[in-house]
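**Q** Under our numbering, the residue at position 126 of the sequence shown is numbered 181, and the numbers go up by one with no gaps.
The beta carbon of each residue, even a glycine, is placed where N, CA and C say it ideally should be.
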Amino acid sequence: MIKRLAFSLLAAVFLVTGGAAAQEGRGGGVGPQQTGGELLIFAAWVRPTAAPPSEGAEAAPESRSGTDQDAGRTSAAYMLIQNTTAIGYTLVSIATSFSAESQFHETVMNGDLMQMRQLETGMAIPAGAFAELTPGGYHAMLLGVTQDITADSAVALRLTFRGDDGSTLEKMVAALVTDSPPELGLIAAVDAYALPAPQEVTPGLAVAATPEAADAALALYLTLINLRAPTVNLIGARLDFAGAVEVRESYMQEGVITSRAIPFAPVPVQARLLLQPNGYFLRAADLTIGGLPPAGSAFLATLLFDEGTELLVPFLVR
56 MIKRLAFSLL
66 AAVFLVTGGA
76 AAQEGRGGGV
86 GPQQTGGELL
96 IFAAWVRPTA
106 APPSEGAEAA
116 PESRSGTDQD
126 AGRTSAAYML
136 IQNTTAIGYT
146 LVSIATSFSA
156 ESQFHETVMN
166 GDLMQMRQLE
176 TGMAIPAGAF
186 AELTPGGYHA
196 MLLGVTQDIT
206 ADSAVALRLT
216 FRGDDGSTLE
226 KMVAALVTDS
236 PPELGLIAAV
246 DAYALPAPQE
256 VTPGLAVAAT
266 PEAADAALAL
276 YLTLINLRAP
286 TVNLIGARLD
296 FAGAVEVRES
306 YMQEGVITSR
316 AIPFAPVPVQ
326 ARLLLQPNGY
336 FLRAADLTIG
346 GLPPAGSAFL
356 ATLLFDEGTE
366 LLVPFLVR
């Protein structure tokens, strides 16, 4: 499964970063589109810490600390990183709200024994290259866990990179909490984040003076990549804390950007669809959590497609 995951990820990366055959799905046409020259994070996930392995079950090598700590006090983080910049970067730390520190390890064989060896300087990602944190290979240990994180939830990770030019770069991503690598199917999602939904503006009418004057709603943005043959249509999403989620597109009316509900947003054959500010987006309303989730948190949403496919995606709240 890991090999299939890696192959699918590389195919998705080829599309999302502008491979020769990649095409853009229509994204509303109002705002600018992102270009290259950044560090891209794909398929981030972490191991749960809520319970140690059941009796008789064998934990992954990276879930064992080699000290007297129990397995529930450590976790491990995995992801695929692409460096599209012109300089090399090194991933030097992964910070979370539930762990005290991170260490980068590689898994090596010592005879018949699998052992971990710490990478003192972090995880290098050369310019124009990929680096993969994966079970049984290079990975990040999350140590000093202070609270349980459970499977089938989402957490926020703050990644700190050091550039070969001496610069420092921080990047926040959402990660799925799961016991095993998430299998990437023929529809992939990357760079998923959420913001307070823009107020709906009617030309000629005054806008509410404060955000509190509008109904609390979230706007969900991401890039969707279709690796299959037929075009698929995004028709909505399901969130545990939202009563209604609809697909919307932004458009210009009398010099004002507003939006309208649409039945679907197409993800074309072998192409990508951008959901972005001033373009397509998902609007989650009727929230049941007493307001918007706090910035820096993460949540899961299940994306719904017209042919019955469902895709579980972790979103970062910005």
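Starting from the C-beta of glutamate 362, find all residues in its chain whose C-beta is less than 7 angstroms away, skip the five residues before and the five after it, and write them out in chain order.
**A** The residue you call residue 362 lines up with position 307 of the sequence shown. Excluding residues within five positions, the ones whose Cβ falls inside 7 angstroms are Val287.
**Q** Does the Cβ of leucine 260 have 16 or more other Cβ atoms within 10 Å, making it buried, or fewer, making it exposed?
**A** Reading the sequence shown from its first residue, position 205 is the one you call residue 260. Confidence in leucine 260 is poor, its pLDDT being 45 and thus under 50, which makes the residue's placement too unreliable to answer from.
**Q** Rounded to whole angstroms, what's the CA-CA distance from isoleucine 344 to proline 251? Just pull it up for me.
**A** For the purposes of this step, residue 344 is taken as residue 289 along the sequence shown, with counting starting at 1. For the purposes of this step, residue 251 is taken as residue 196 along the sequence shown, with counting starting at 1. Each residue's Cα considered, the two are about 14 angstroms apart.
**Q** From the DSSP output, in three-state form, read off alanine 76 for me.
**A** What you label residue 76 is simply residue 21 of the sequence shown in a count that begins at 1. Confidence at alanine 76 is low in this model, with a pLDDT of 40, below 50, so the placement of that residue should be treated as unreliable; the coordinate-derived value is given next. Alanine 76: coil per DSSP, three-state reduction.
**Q** Relative to the C-alpha of tyrosine 276, which candidate in Asp246, Thr104, Val300 has its C-alpha closest?
**A** The sequence position of residue 276 within the sequence shown is 221, counting from 1. Checking every option, the nearest Cα to that of tyrosine 276 belongs to Asp246.
**Q** My understanding is that proline 369 touches alanine 230, with C-beta atoms under 8 angstroms, so please give their C-beta distance in whole angstroms.
**A** Reading the sequence shown from its first residue, position 314 is the one you call residue 369. Reading the sequence shown from its first residue, position 175 is the one you call residue 230. Rounded, the Cβ-Cβ distance is 6 angstroms, consistent with contact.
**Q** Just verifying my parser: in three-state terms, what is the DSSP assignment at arginine 23?
**A** This structure gives no information on residue 23, because the portion of the chain shown stretches from 56 to 373.
**Q** Determine the DSSP secondary structure at glutamate 362, reduced to helix, strand or coil.
**A** The residue you call residue 362 lines up with position 307 of the sequence shown. In this structure, glutamate 362 counts as coil in the three-state DSSP scheme.
**Q** What does the Cβ neighbour count give for phenylalanine 134, buried or exposed, with the cut at 16 atoms within 10 Å?
**A** For the purposes of this step, residue 134 is taken as residue 79 along the sequence shown, with counting starting at 1. It is methionine, not phenylalanine, that sits at residue 134 in the sequence shown. Its Cβ being crowded by 16 or more others within 10 Å, methionine 134 is buried.
**Q** Could you tell me the alpha carbon to alpha carbon distance between phenylalanine 354 and alanine 206, rounded to whole angstroms?
**A** Along the sequence shown, one-based indexing puts residue 354 at 299. Along the sequence shown, one-based indexing puts residue 206 at 151. Each residue's Cα considered, the two are about 12 angstroms apart.
**Q** How would you label glutamate 309, buried or exposed, when you count the other beta carbons within 10 angstroms and need 16 or more for buried?
**A** Stepping through the sequence shown from its first residue, residue 309 is reached at position 254. The residue is exposed, with fewer than 16 neighbouring Cβ atoms inside 10 Å.
**Q** DSSP three-state call for arginine 373: helix, strand or coil?
**A** Within the sequence shown, residue 373 is the residue found at index 318, counting from 1. Arginine 373: coil per DSSP, three-state reduction.
**Q** Whole angstroms are fine: how far does the CA of arginine 172 sit from the CA of proline 103?
**A** On the sequence shown, position 48 is the one that residue 103 refers to. On the sequence shown, position 117 is the one that residue 172 refers to. Proline 103 and arginine 172: Cα-Cα distance of roughly 22 angstroms.
**Q** Just curious, the beta strand (DSSP E) that phenylalanine 319 is in, first and last residue?
**A** The residue you call residue 319 lines up with position 264 of the sequence shown. Segment: none, phenylalanine 319 is in no beta strand (DSSP E) and carries neither H nor E.
**Q** Work out the CA separation of glycine 166 and threonine 357 for me, nearest whole Å.
**A** Here residue 357 is taken as the residue at index 302 of the sequence shown, counted from 1. Here residue 166 is taken as the residue at index 111 of the sequence shown, counted from 1. About 44 angstroms.
**Q** What did DSSP end up calling arginine 283 once you bin it into helix, strand or coil?
**A** Counted from its first residue, the sequence shown places residue 283 at position 228. Of the three classes helix, strand and coil, the one that applies to arginine 283 here is coil, per DSSP.
**Q** Entirely within the stretch 166-244 and at least 3 residues each: give me those beta strand (DSSP E) ranges in chain order.
**A** Entirely contained in the stretch 166-244, the beta strand (DSSP E) runs reaching 3 residues are, in chain order, 168-173, 178-180, 185-188, 194-198, 208-218, 223-232.
**Q** Curious, which full-length beta strand (DSSP E) runs of at least 3 residues does the stretch 140-169 contain?
**A** Qualifying beta strand (DSSP E) stretches, in chain order: 144-150, 156-165.
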